[in-house]
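Reading through the structure tokens given below for one structure.
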Amino acid sequence: MNFRREVKMMLDDVLHLEGRAAAYDDVTPLLGSVPELDSMAVIALIAAIEERFQCTVEDDEIDGAVFATFGSLLSFVRGKAGVLET
Numbered sequence: 254m255n256f257r258r259e260v261k262m263m264l265d266d267v268l269h270l271e272g273r274a275a276a277y278d279d280v281t282p283l284l285g286s287v288p289e290l291d292s293m294a295v296i297a298l299i300a301a302i303e304e305r306f307q308c309t310v311e312d313d314e315i316d317g318a319v320f321a322t323f324g325s326l327l328s329f330v331r332g333k334a335g336v337l338e339t
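Using our numbering, the letters of the sequence shown correspond one by one to residues 254 to 339.
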């Protein structure tokens, strides 16, 4: 599984970005920079992470740093899925 591609697809699906996530790299800012990423979208993304990657995200694991950049979100998802690199 290509986690980078999967996370980009998940962002596109949940936030309705119409393919914009394909251009994201590790330093692409998310929270505060992507208008579609509001508080309700964060909840939807967490649910999508849990469903797509078969994991559980605890409340105390989530803070703004997770959603700060595409790279930080990707690292979080890899950690939850137990994958170091793809």
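The C-beta atom is built at its ideal place from N, Cα and C for all residues, glycine as well.
The structure presented is a predicted model; accordingly, all values stated were derived computationally and were not measured.
Pair within 8 Å by beta-carbon distance, Val-267 and Leu-327: no
What is the C-beta distance between Pro-288 and Ala-321, in whole angstroms, given that I count them as a contact (C-beta under 8 Å)?
Wrong, their Cβ atoms sit about 16 Å apart, outside the cutoff.
- [ ] Compare the C-alpha of Leu-264 against each of Ile-299, Met-254, Val-280 and Gly-285 and name the closest.
- [x] Answer by Cα proximity: Ile-299.
Quick check on the burial criterion: 16 or more other C-beta atoms within 10 angstroms. Buried or exposed for Ala-276? exposed
task = Tell me, please, which residues DSSP counts as bridged to Thr-322.
result = Pro-282
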